[in-house]
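Asker: Start counting the sequence shown at 36; every next residue gets the next number (our numbering).
Beta carbons: idealized from backbone N, C-alpha and C, even for Gly.
If you're wondering where the values come from, they're calculated on a predicted model, not measured in any experiment.
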Amino acid sequence: MERVAQLQQKYDELAEVNRRLQESYHATLVALSHALDLRDQMTQGHSERVTAYSLAIAQSLGLDQDAQEALRLGALLHDIGKIGVSDAILRKPGSLDAREWDEMRQHPIWGKQIIERVDFLARALDVVYAHHEWWDGGGYPQRLRGEQIPLAARIFAVADVFDALTSDRSYKQAWPVEQARAQIIAESGTHFDPRVVNSFVAVFDRILETKGQ
36 MERVAQLQQK YDELAEVNRR LQESYHATLV ALSHALDLRD QMTQGHSERV
86 TAYSLAIAQS LGLDQDAQEA LRLGALLHDI GKIGVSDAIL RKPGSLDARE
136 WDEMRQHPIW GKQIIERVDF LARALDVVYA HHEWWDGGGY PQRLRGEQIP
186 LAARIFAVAD VFDALTSDRS YKQAWPVEQA RAQIIAESGT HFDPRVVNSF
236 VAVFDRILET KGQ
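1. With a threshold of 8 Å, are at least 3 pairs of Cβ atoms found where one atom belongs to the segment 145-164 and the other to the segment 113-127?
2. List the residues that DSSP assigns as beta-bridge partners of residue 202.
3. Using 8 Å as the threshold, is the segment 175-183 in touch with the segment 199-208, meaning 3 or more CB pairs across them?
4. Report yes or no: do the segment 221-237 and the segment 117-132 share at least 3 C-beta pairs separated by less than 8 Å?
5. Excluding sequence positions up to five away, which residues of its chain have a Cβ less than 6 Å from the Cβ of residue 108?
6. Check the DSSP bridge columns for residue 191 and list the partner residues they point to.
7. Could you say which of 122, 230 and 88 lies nearest to residue 241 if we only look at CA atoms?
8. Give the DSSP-derived three-state secondary structure of residue 207 in the structure shown.
9. Would DSSP call residue 223 helix, strand or coil?
10. Given a threshold of 16 other Cβ atoms within 10 Å of its Cβ, counted over all protein chains shown, does residue 206 qualify as buried or as exposed?
11. Shortest alpha-carbon distance to residue 188 belongs to which of 92, 80, 81 and 83?
12. Whose C-alpha, out of 125, 243, 230 and 182, is nearest the C-alpha of residue 211?
13. Buried or exposed: which applies to residue 203, given that a residue is buried once 16 or more other Cβ atoms fall within 10 Å of its Cβ?
14. With residue 169 as the anchor, note down where its alpha helix (DSSP H) starts and where it stops.
15. For residue 124, I'd like the list of residues in its chain whose CB is within less than 7 Å of its CB, leaving aside the five on either flank, ordered along the chain.
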């Protein structure tokens, strides 16, 4: 019995170490996402909001805990590739020209190159690399379409665009939430996966609570 008690104690100690390690990873990733947001003061809080919106949609779709954790990680790190985008482009107070858009559209590729070298970040790859793909194939950088696009990226795309529409930017004022909701619905089947849009609509009240409306 004493031997069993000792083994249980060791197990409990290892479990506690693992818990603290996971908390440290999470805190580090949240700090990194804040640092990314701070490069453009107009996007402060964006990563945390889109993470919450994405998880609400994922839960409506019935994703399991592992899939939700991968989505959460991807949402926090989705714009990590913008480290490679110049400040002049990120902070430009107007529309980007063709050359500037070419540079901006590289950020999912640069993000992939960053995170694929870190084993514990590998689960974020689907969102980081594919969150600008469109359901009809009109997105970038891979021109994926339909279910070729990972589900996590399809979920995140809706959350990301909703937050962008309802937030002030250097080139536009925030849209009213109902107008943004209508725009998401209008782009179902073109930009967005219709099933994901349906789930977004189903949890819209929860999203508004998260947003603080």
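Answerer: On the basis of the coordinates in this document:
1. yes
2. BP columns for residue 202 are empty, so no partner.
3. no
4. no
5. 158 and 159
6. Residue 191 pairs with nothing; no bridge assigned.
7. 88
8. strand
9. strand
10. exposed
11. 92
12. 243
13. exposed
14. Neither: residue 169 is in no alpha helix (DSSP H) and is coded neither H nor E.
15. 131, 135, 138 and 139
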